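Engineer: Note that this note's numbering numbers the sequence shown so that position 10 is 52, with each residue one more than the last. All C-beta atoms in this analysis are idealised placements derived from N, C-alpha and C, irrespective of residue type, glycine included. On a predicted model such as this, the values are computed, not experimentally measured, just so you know. Please find one structure pasted underneath; my questions will follow.
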Amino acid sequence: MSRSKYRGKTDKLRIFQINTRKLVGVWDELINNLSPDDWDIDAIQEPALNKVKNIQVTQHWQVFYPCTKPNNNYPKLCMATLVNARISHCVQINVTSSNIVGIYIGQEANHICIYNIYNNSTNNNILE
Numbered sequence: 043m044s045r046s047k048y049r050g051k052t053d054k055l056r057i058f059q060i061n062t063r064k065l066v067g068v069w070d071e072l073i074n075n076l077s078p079d080d081w082d083i084d085a086i087q088e089p090a091l092n093k094v095k096n097i098q099v100t101q102h103w104q105v106f107y108p109c110t111k112p113n114n115n116y117p118k119l120c121m122a123t124l125v126n127a128r129i130s131h132c133v134q135i136n137v138t139s140s141n142i143v144g145i146y147i148g149q150e151a152n153h154i155c156i157y158n159i160y161n162n163s164t165n166n167n168i169l170e
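Take a look at the structure:
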């Protein structure tokens, strides 16, 4: 394990997951109180979208959307993954789904792959 440049202790990846149910008030409170000193990865389901169908975040976060943009074959944006801007060497994994975001963090010798999967409550089709 490496030493953190911004926490001063042994690194442990801290992941926060929430479904904001597309509620603007919940989203605003979340993004204004989500501290990059407390969390490394934020797996967000059903975020509130702005007028251009994206989410708004502070400069402390890198935003990763699904690789497949919403169209007739894929539903609208249902999730996103936020990565602490202090984390370097973070790239998106190409996943052909509008309900999955995959990210690769680290370098070849020391890395991790994380998948944020949105599965609506009516079925488990995304897992097939």
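Using the C-alpha atoms, what's the distance from glutamate 150 back to cysteine 120?
Structural biologist: When rounded, the distance between both Cα atoms is 31 Å.
Engineer: What is the C-beta distance between tyrosine 160 and glutamine 87, in whole angstroms, given that I count them as a contact (C-beta under 8 Å)?
Structural biologist: Going by Cβ atoms, the distance from tyrosine 160 to glutamine 87 rounds to 5 Å, so yes, they are a contact pair.
Engineer: By alpha-carbon positions, which one of Asn141, Ile142, Gln134 ends up nearest to glycine 148?
Structural biologist: Minimum Cα distance to glycine 148 is reached at Gln134.
Engineer: Looking at the secondary structure, which residues open and close the alpha helix (DSSP H) in which tryptophan 103 lies?
Structural biologist: That residue, tryptophan 103, is in no alpha helix (DSSP H); its beta strand (DSSP E) goes 103-106.
Engineer: For my contact list, threonine 110 and proline 89 are in at a C-beta cut-off of 8 Å; report their separation, rounded to the angstrom.
Structural biologist: Contact doesn't hold; Cβ gap of about 17 Å is too wide.
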